[in-house]
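Numbering (the working numbering), first residue to last: 1 to 106. Here is the structure we will look at.
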């Protein structure tokens, strides 16, 4: 789970995820969307692969990447569980959400 959130912490990686939501893409097309070196893009793709957010498939001399929905679902399920637990705790303690544990201004 830590690798998932670490991978999503970088805006370039989040943009790659958004691009792959449209469907599989060749590595060259992904790299062409960014003004950075090929090794830098490859590093971002490797971080996403390590977090199981994307998968690569070689086709001849080309590599195509696709989104791995199961890892995204796992991360969302974790976050939803955390929010639900926080709401239950806040409700038990009589807090109302927006006003819960608000720090004084100034």
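Just so you know, even glycine gets a beta-carbon here, dropped at the ideal spot from N, CA and C.
Cα-Cα separation, residue i to residue j
{"i": "residue 10", "j": "residue 92", "result": "36 Å"}
{"i": "residue 61", "j": "residue 29", "result": "14 Å"}
{"i": "residue 41", "j": "residue 86", "result": "37 Å"}
{"i": "residue 39", "j": "residue 13", "result": "14 Å"}
{"i": "residue 90", "j": "residue 25", "result": "44 Å"}
{"i": "residue 31", "j": "residue 79", "result": "30 Å"}
{"i": "residue 83", "j": "residue 43", "result": "32 Å"}
Buried versus exposed call for residue i [16 or more other C-beta atoms within 10 Å across all chains shown]
{"i": "residue 76", "result": "exposed"}
{"i": "residue 7", "result": "buried"}
{"i": "residue 47", "result": "buried"}
Beta-carbon gap between residue i and residue j smaller than 9 Å
{"i": "residue 55", "j": "residue 68", "result": "yes"}
Give, in chain order, every unbroken run of the alpha helix (DSSP H) that is at least 4 residues long and sits entirely within the stretch 12-87. 27-32, 38-50
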